[in-house]
Amino acid sequence: MRRNYKDDIVSRLESIVKRRKRTEIKDLGSIAYDDSVYPLKAVIVNSQQQDAMNIFLSGGVHGDEPAGVYALLNFLKTEIRNYRDFNFVIVPCINPIGYEMDRRTNGAFIDINRDFRNAPVAMEVLYLKRFLKKCKRNYVFAMDMHENDVNELTEGYRLRENPREFYLYEVSPTKDTSIGNNIIEALKDQGVQVTRRRKIYNEKCSGGLIWSRGRKDRNYSDKHTLEGYIQEYATYAFTTETPTCWSIKKRIDTQLKVLKAALNEARTIRTIEEQEKESEESKGYCKVYNK
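The letter at position 165 of the sequence shown is residue 1511 when you use our numbering, and the numbering goes up by one with no holes.
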(Lines of atoms letter the chains of each structure in order from A and count residues from 1; the text may use other names and numbers.)
(Lines give C-alpha, C1' and ligand atoms only; values in the text may rest on other atoms or scores of the structure.)
Protein backbone atom coordinates (compact mmCIF):
# COMPACT_ATOMS: atom_id res chain seq x y z
CA MET A 1 0.00 0.00 0.00
CA ARG A 2 1.46 3.34 -1.08
CA ARG A 3 1.90 5.97 1.61
CA ASN A 4 0.15 9.31 1.35
CA TYR A 5 2.17 12.31 2.50
CA LYS A 6 -0.81 14.64 2.77
CA ASP A 7 -2.94 12.25 4.82
CA ASP A 8 -0.18 10.68 6.89
CA ILE A 9 1.77 13.81 7.74
CA VAL A 10 0.33 17.17 6.67
CA SER A 11 -3.20 16.49 7.92
CA ARG A 12 -1.90 15.05 11.19
CA LEU A 13 0.34 18.06 11.76
CA GLU A 14 -2.55 20.43 11.15
CA SER A 15 -4.72 18.49 13.60
CA ILE A 16 -2.01 18.52 16.27
CA VAL A 17 -1.26 22.22 15.91
CA LYS A 18 -4.93 23.16 16.26
CA ARG A 19 -4.97 21.65 19.75
CA ARG A 20 -1.70 23.13 20.99
CA LYS A 21 -0.86 26.61 22.19
CA ARG A 22 2.35 28.35 21.16
CA THR A 23 2.63 25.97 18.22
CA GLU A 24 2.67 26.85 14.53
CA ILE A 25 3.31 25.25 11.16
CA LYS A 26 5.77 26.86 8.77
CA ASP A 27 5.74 26.27 5.01
CA LEU A 28 9.32 25.89 3.85
CA GLY A 29 8.44 25.63 0.17
CA SER A 30 6.80 23.23 -2.26
CA ILE A 31 8.22 20.48 -4.45
CA ALA A 32 6.48 19.61 -7.71
CA TYR A 33 6.46 16.01 -8.91
CA ASP A 34 4.42 14.69 -11.84
CA ASP A 35 1.02 16.35 -11.36
CA SER A 36 1.32 16.81 -7.60
CA VAL A 37 2.76 19.45 -5.29
CA TYR A 38 4.34 18.51 -1.96
CA PRO A 39 4.59 21.25 0.69
CA LEU A 40 7.58 20.87 2.99
CA LYS A 41 6.45 21.55 6.57
CA ALA A 42 8.13 22.49 9.82
CA VAL A 43 6.54 22.80 13.26
CA ILE A 44 7.72 25.35 15.81
CA VAL A 45 6.79 24.87 19.46
CA ASN A 46 7.79 27.70 21.78
CA SER A 47 8.06 27.41 25.54
CA GLN A 48 6.76 30.02 27.95
CA GLN A 49 10.13 29.96 29.71
CA GLN A 50 12.48 32.69 28.59
CA ASP A 51 15.55 30.55 29.21
CA ALA A 52 14.23 27.52 27.31
CA MET A 53 16.83 25.69 25.25
CA ASN A 54 16.31 25.15 21.52
CA ILE A 55 16.11 21.66 20.01
CA PHE A 56 16.07 20.77 16.30
CA LEU A 57 14.51 17.46 15.21
CA SER A 58 14.17 15.93 11.76
CA GLY A 59 13.22 12.69 10.06
CA GLY A 60 12.51 11.16 6.69
CA VAL A 61 15.50 12.58 4.84
CA HIS A 62 15.63 9.10 3.31
CA GLY A 63 12.13 8.19 2.18
CA ASP A 64 12.48 4.49 2.94
CA GLU A 65 13.22 5.17 6.63
CA PRO A 66 9.78 5.98 8.08
CA ALA A 67 10.21 5.20 11.80
CA GLY A 68 11.68 8.62 12.56
CA VAL A 69 8.81 10.34 10.76
CA TYR A 70 6.21 8.50 12.82
CA ALA A 71 8.20 8.94 16.03
CA LEU A 72 8.25 12.72 15.60
CA LEU A 73 4.52 12.79 14.88
CA ASN A 74 3.89 10.74 18.03
CA PHE A 75 6.19 13.00 20.02
CA LEU A 76 4.27 16.07 18.90
CA LYS A 77 0.93 14.47 19.70
CA THR A 78 1.53 12.83 23.07
CA GLU A 79 5.00 13.45 24.51
CA ILE A 80 5.93 17.07 23.94
CA ARG A 81 3.73 18.25 26.81
CA ASN A 82 6.31 16.76 29.17
CA TYR A 83 9.05 19.01 27.78
CA ARG A 84 7.69 22.51 28.26
CA ASP A 85 11.17 23.74 29.22
CA PHE A 86 12.35 23.46 25.60
CA ASN A 87 11.65 25.22 22.31
CA PHE A 88 11.36 22.82 19.39
CA VAL A 89 11.86 23.20 15.66
CA ILE A 90 10.72 19.98 14.00
CA VAL A 91 10.80 18.93 10.35
CA PRO A 92 9.13 15.50 10.47
CA CYS A 93 9.57 14.54 6.82
CA ILE A 94 12.29 16.23 4.76
CA ASN A 95 11.71 13.98 1.74
CA PRO A 96 7.95 13.87 1.01
CA ILE A 97 8.24 12.23 -2.42
CA GLY A 98 10.68 9.61 -1.20
CA TYR A 99 8.34 8.93 1.72
CA GLU A 100 5.38 8.30 -0.59
CA MET A 101 7.38 6.12 -2.97
CA ASP A 102 9.25 4.29 -0.21
CA ARG A 103 12.65 5.02 -1.69
CA ARG A 104 15.84 6.57 -0.38
CA THR A 105 16.09 9.42 -2.88
CA ASN A 106 13.80 12.34 -3.73
CA GLY A 107 11.75 12.80 -6.90
CA ALA A 108 14.86 13.69 -8.89
CA PHE A 109 16.70 10.59 -7.59
CA ILE A 110 18.99 12.75 -5.44
CA ASP A 111 20.16 11.47 -2.07
CA ILE A 112 19.17 14.53 -0.05
CA ASN A 113 21.54 13.59 2.75
CA ARG A 114 24.53 13.98 0.45
CA ASP A 115 23.51 17.37 -0.93
CA PHE A 116 23.99 19.81 1.97
CA ARG A 117 26.57 21.74 -0.04
CA ASN A 118 27.13 25.44 -0.68
CA ALA A 119 25.11 25.10 -3.89
CA PRO A 120 22.62 22.25 -3.33
CA VAL A 121 20.73 20.68 -6.22
CA ALA A 122 17.81 19.29 -4.22
CA MET A 123 15.02 21.79 -3.55
CA GLU A 124 14.39 20.14 -0.19
CA VAL A 125 17.90 21.07 0.92
CA LEU A 126 17.60 24.60 -0.44
CA TYR A 127 14.34 25.15 1.45
CA LEU A 128 15.65 23.69 4.70
CA LYS A 129 18.88 25.70 4.63
CA ARG A 130 16.94 28.89 3.94
CA PHE A 131 14.55 28.12 6.80
CA LEU A 132 17.32 27.43 9.30
CA LYS A 133 19.09 30.64 8.35
CA LYS A 134 15.88 32.61 8.76
CA CYS A 135 15.11 31.03 12.15
CA LYS A 136 18.36 32.39 13.61
CA ARG A 137 18.41 29.91 16.48
CA ASN A 138 21.22 28.11 18.22
CA TYR A 139 20.31 24.57 19.27
CA VAL A 140 21.68 22.69 22.24
CA PHE A 141 21.31 19.62 20.07
CA ALA A 142 19.97 18.50 16.72
CA MET A 143 18.75 14.97 16.09
CA ASP A 144 18.20 13.47 12.65
CA MET A 145 16.36 10.14 12.78
CA HIS A 146 17.52 7.42 10.41
CA GLU A 147 17.17 3.69 9.86
CA ASN A 148 19.62 1.02 8.74
CA ASP A 149 18.33 -1.29 5.99
CA VAL A 150 19.71 -4.70 6.94
CA ASN A 151 18.98 -6.03 3.43
CA GLU A 152 20.75 -3.25 1.55
CA LEU A 153 24.12 -4.18 0.10
CA THR A 154 26.58 -1.35 0.73
CA GLU A 155 29.51 -1.17 -1.67
CA GLY A 156 32.57 -2.77 -0.15
CA TYR A 157 30.64 -4.61 2.58
CA ARG A 158 28.76 -7.88 2.97
CA LEU A 159 25.13 -8.11 4.09
CA ARG A 160 26.16 -9.76 7.33
CA GLU A 161 28.13 -6.62 8.19
CA ASN A 162 24.92 -4.58 8.40
CA PRO A 163 24.14 -3.96 12.10
CA ARG A 164 20.94 -5.57 13.33
CA GLU A 165 20.78 -3.53 16.53
CA PHE A 166 20.57 0.16 17.40
CA TYR A 167 23.54 2.51 17.13
CA LEU A 168 24.06 6.25 17.43
CA TYR A 169 26.26 8.90 15.82
CA GLU A 170 27.25 11.86 17.97
CA VAL A 171 29.12 15.06 17.17
CA SER A 172 30.18 17.10 20.20
CA PRO A 173 32.82 19.79 20.82
CA THR A 174 35.16 17.43 22.70
CA LYS A 175 35.21 13.86 23.93
CA ASP A 176 34.87 15.14 27.49
CA THR A 177 31.59 16.89 26.66
CA SER A 178 30.09 13.82 24.96
CA ILE A 179 26.69 12.72 26.26
CA GLY A 180 26.16 9.90 23.78
CA ASN A 181 27.24 7.15 26.15
CA ASN A 182 24.73 8.36 28.74
CA ILE A 183 22.00 8.17 26.11
CA ILE A 184 23.07 4.65 25.14
CA GLU A 185 23.06 3.52 28.79
CA ALA A 186 19.55 4.93 29.25
CA LEU A 187 18.41 2.88 26.25
CA LYS A 188 20.00 -0.29 27.59
CA ASP A 189 18.22 0.25 30.90
CA GLN A 190 14.95 0.23 28.93
CA GLY A 191 15.79 -3.02 27.15
CA VAL A 192 16.88 -1.60 23.79
CA GLN A 193 19.28 -3.87 21.93
CA VAL A 194 22.44 -1.87 21.17
CA THR A 195 25.13 -3.12 18.80
CA ARG A 196 28.39 -4.46 20.21
CA ARG A 197 30.26 -4.05 16.94
CA ARG A 198 33.58 -2.28 17.23
CA LYS A 199 33.42 -0.98 13.67
CA ILE A 200 30.46 0.01 11.50
CA TYR A 201 31.12 0.73 7.82
CA ASN A 202 34.77 1.47 8.59
CA GLU A 203 33.96 3.83 11.48
CA LYS A 204 35.04 3.10 15.03
CA CYS A 205 32.10 2.19 17.26
CA SER A 206 32.34 1.92 21.02
CA GLY A 207 29.38 0.52 22.94
CA GLY A 208 26.96 1.47 20.16
CA LEU A 209 28.28 5.03 19.81
CA ILE A 210 30.16 6.48 16.84
CA TRP A 211 31.62 9.75 18.12
CA SER A 212 33.46 12.54 16.34
CA ARG A 213 34.31 16.22 16.54
CA GLY A 214 32.51 16.67 13.25
CA ARG A 215 33.60 19.49 10.99
CA LYS A 216 36.42 20.35 13.38
CA ASP A 217 38.08 17.10 12.33
CA ARG A 218 39.81 17.41 8.96
CA ASN A 219 39.07 13.73 8.26
CA TYR A 220 35.33 14.15 8.87
CA SER A 221 33.60 12.54 5.87
CA ASP A 222 29.99 13.67 6.41
CA LYS A 223 30.33 17.40 5.69
CA HIS A 224 27.60 17.30 3.04
CA THR A 225 25.03 15.53 5.20
CA LEU A 226 22.40 17.19 7.37
CA GLU A 227 24.51 16.21 10.37
CA GLY A 228 27.44 18.04 8.84
CA TYR A 229 25.45 21.16 7.98
CA ILE A 230 23.46 21.48 11.20
CA GLN A 231 26.68 21.92 13.16
CA GLU A 232 26.56 25.56 12.08
CA TYR A 233 23.61 25.93 14.46
CA ALA A 234 23.87 23.11 17.02
CA THR A 235 26.33 22.29 19.80
CA TYR A 236 25.55 18.57 19.61
CA ALA A 237 24.42 16.64 16.54
CA PHE A 238 22.95 13.15 16.76
CA THR A 239 22.01 10.69 14.04
CA THR A 240 19.95 7.72 15.18
CA GLU A 241 19.93 4.32 13.44
CA THR A 242 17.28 1.64 13.98
CA PRO A 243 17.55 -1.65 12.01
CA THR A 244 14.76 -2.44 9.57
CA CYS A 245 14.69 -6.08 10.74
CA TRP A 246 12.80 -4.85 13.80
CA SER A 247 9.04 -4.30 13.66
CA ILE A 248 7.95 -0.76 12.78
CA LYS A 249 6.46 -0.38 16.28
CA LYS A 250 9.74 -1.33 17.94
CA ARG A 251 11.65 1.08 15.71
CA ILE A 252 9.29 3.97 16.46
CA ASP A 253 9.42 3.24 20.20
CA THR A 254 13.22 3.16 20.10
CA GLN A 255 13.46 6.48 18.26
CA LEU A 256 11.23 8.04 20.91
CA LYS A 257 13.32 6.57 23.72
CA VAL A 258 16.49 8.01 22.19
CA LEU A 259 14.93 11.45 21.88
CA LYS A 260 13.66 11.46 25.45
CA ALA A 261 17.01 10.26 26.78
CA ALA A 262 18.75 13.08 24.89
CA LEU A 263 16.32 15.66 26.27
CA ASN A 264 16.96 14.41 29.80
CA GLU A 265 20.70 14.78 29.17
CA ALA A 266 20.13 18.34 27.93
CA ARG A 267 18.38 19.11 31.19
CA THR A 268 21.40 17.78 33.06
CA ILE A 269 23.70 20.03 31.04
CA ARG A 270 21.58 23.05 31.91
CA THR A 271 21.55 22.14 35.61
CA ILE A 272 25.34 21.86 35.66
CA GLU A 273 25.71 25.19 33.84
CA GLU A 274 23.33 26.87 36.29
CA GLN A 275 25.24 25.45 39.26
CA GLU A 276 28.55 26.66 37.81
CA LYS A 277 27.06 30.10 37.21
CA GLU A 278 25.72 30.28 40.78
CA SER A 279 29.12 29.19 42.08
CA GLU A 280 30.91 31.93 40.12
CA GLU A 281 28.38 34.55 41.27
CA SER A 282 28.85 33.39 44.86
CA LYS A 283 32.62 33.76 44.56
CA GLY A 284 32.16 37.25 43.18
CA TYR A 285 29.85 38.19 46.05
CA CYS A 286 32.35 36.90 48.61
CA LYS A 287 35.14 38.96 47.08
CA VAL A 288 33.06 42.13 47.32
CA TYR A 289 31.85 41.31 50.85
CA ASN A 290 35.39 40.61 52.13
CA LYS A 291 36.84 43.94 50.97
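The beta-carbon is built from N, C-alpha and C at its ideal position, and this holds for glycine as well. Keep in mind the model is a prediction, meaning the values are calculated, not measured.
- For residue 1566, the CB contacts under 8 Å within the same chain, skipping 5 residues up- and downstream, are 1558, 1559, 1560, 1574 in chain order.
- Of the candidates 1433, 1512, 1546, the residue whose Cα lies closest to the Cα of residue 1392 is 1433.
- Contact between residue 1418 and residue 1405 is confirmed by a C-beta separation of about 5 Å, below the 8 Å threshold.
- Apart from the 5 residues on each side of it in sequence, residue 1363 sits with its Cβ closer than 8 Å to the Cβ of 1369, 1370, 1371, 1389 in its chain, given in chain order.
- Contact annotation, residue 1554 with residue 1492: C-beta distance approximately 14 Å; criterion of less than 8 Å not satisfied.
- Residue pairing by DSSP places residue 1515 opposite 1556, 1585 in a beta bridge.
- Within its own chain, the residues whose Cβ lies closer than 7 Å to the Cβ of residue 1526, once the five positions on either side in sequence are excluded, are 1514, 1516, 1555, 1557, listed in chain order.
- In chain order, 1452, 1454, 1456, 1458, 1461 place their CB closer than 8 Å to the CB of residue 1468, counting only its own chain and leaving out the 5 sequence neighbours on each side.
- One thing to note: residue 1441 has its Cβ within 9 Å of the Cβ of residue 1407.
- Closest in C-alpha terms to residue 1396, from the list 1420, 1506, 1551, 1431, comes 1431.
- Fully enclosed alpha helix (DSSP H) runs of no fewer than 4 residues occupy 1526-1535 of the region 1498-1551, in order along the chain.
- Per DSSP, the continuous beta strand (DSSP E) segment holding residue 1403 begins and ends at 1399-1405.
- With a beta-carbon spacing of about 5 Å, residue 1485 and residue 1402 fall inside the 8 Å limit used to define contacts.
- When rounded, the separation of the alpha-carbon atoms in residue 1548 and residue 1361 is 43 Å.
- Excluding residues up to 5 positions away in sequence, 1496, 1510 lie with their Cβ nearer than 7 Å to the Cβ of residue 1591 in the same chain.
- Where residue 1391 is concerned, the enclosing beta strand (DSSP E) starts and stops at 1382-1391.
- For residue 1507, the closest C-alpha among the options 1534, 1474, 1589 is that of 1589.
- Residue 1490 is a Cβ neighbour of residue 1586, given a cutoff of 9 Å.
- As the crow flies, the alpha-carbon of residue 1608 is around 32 Å from that of residue 1465.
- Per DSSP, residue 1436 is one residue of the beta strand (DSSP E) stretching across 1432-1437.
- In this chain, residue 1415 is not harboured by any beta strand (DSSP E); it is covered by the alpha helix (DSSP H) spanning 1413-1420.
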